[in-house]
Amino acid sequence: MLGLAALILAAAASGSIADTAPALSSAAPWWEKITYRISDDGEQQTCRYESSRSGVESCADDETAAASMHQASTPVTALTSITIERRFSPGATPGSLSLQSGDTLLGAKMMTVAIASDGAVRSCDTVGSFGDVRSGYGCEELSAERFEAAAEGGLRTAYMTVLVYGHEEQLT
Numbered sequence: 001m002l003g004l005a006a007l008i009l010a011a012a013a014s015g016s017i018a019d020t021a022p023a024l025s026s027a028a029p030w031w032e033k034i035t036y037r038i039s040d041d042g043e044q045q046t047c048r049y050e051s052s053r054s055g056v057e058s059c060a061d062d063e064t065a066a067a068s069m070h071q072a073s074t075p076v077t078a079l080t081s082i083t084i085e086r087r088f089s090p091g092a093t094p095g096s097l098s099l100q101s102g103d104t105l106l107g108a109k110m111m112t113v114a115i116a117s118d119g120a121v122r123s124c125d126t127v128g129s130f131g132d133v134r135s136g137y138g139c140e141e142l143s144a145e146r147f148e149a150a151a152e153g154g155l156r157t158a159y160m161t162v163l164v165y166g167h168e169e170q171l172t
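Mapped onto full-length UniProt numbering, the consecutive letters of the sequence shown carry residue numbers 1 to 172.
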């Protein structure tokens, strides 16, 4: 699973989840994720985008990811799903990194971010990381995000957690 995760992350590095998004909310929690389904021969089967936010309904450039996979003519006996997920939590430190039953956490990164009333990111720090497989999304990418402006002045503190996890399914 780690080998497939590395391929997906390399392909996804050029097309971040945030590439097509409108201004992000900094007042309420939200999440979004891209799940790639890959056969045991390395061929991408699907790419699915999901979000708690409305208005953003596309998968990142899955042609880039598909191009990095090799084609094989052997029968498919297993599918692996690799998911890259962002979770935004305003205010307090988020709770546990809960996953669905059967998912394996491959890597995680938590960043704290200060957002100004104009929606600009004023600072970002990585406060923790875990695992061997990590997304290329970090403070540099988070600092380039555009958040909704807020009526109140001052900096708002929030947390962005980026998870990479996988799930294997045998078809035979």
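Cβ atoms here follow ideal geometry from the backbone N, Cα and C, with glycine treated the same way.
Cβ-based burial, residue i [other Cβ within 10 Å; buried from 16]
i: ARG153; result: Per the sequence shown, residue 153 should be read as Gly rather than Arg. Exposed, by the Cβ-count rule.
i: GLY166; result: buried
i: SER39; result: buried
i: VAL113; result: buried
i: GLU169; result: exposed
i: VAL127; result: exposed
DSSP-derived helix/strand/coil call for residue i
i: CYS139; result: helix
i: THR112; result: strand
i: ALA158; result: strand
i: ARG146; result: coil
i: PRO90; result: strand
Pair within 9 Å by beta-carbon distance, residue i and residue j
i: TYR159; j: THR93; result: yes
i: PRO90; j: SER51; result: no
i: ARG37; j: SER81; result: yes
i: GLY119; j: ARG146; result: yes
i: GLY107; j: SER129; result: yes
For residue i, the residue or residues it bridges with in DSSP
i: GLN44; result: ILE38
i: SER51; result: GLU32
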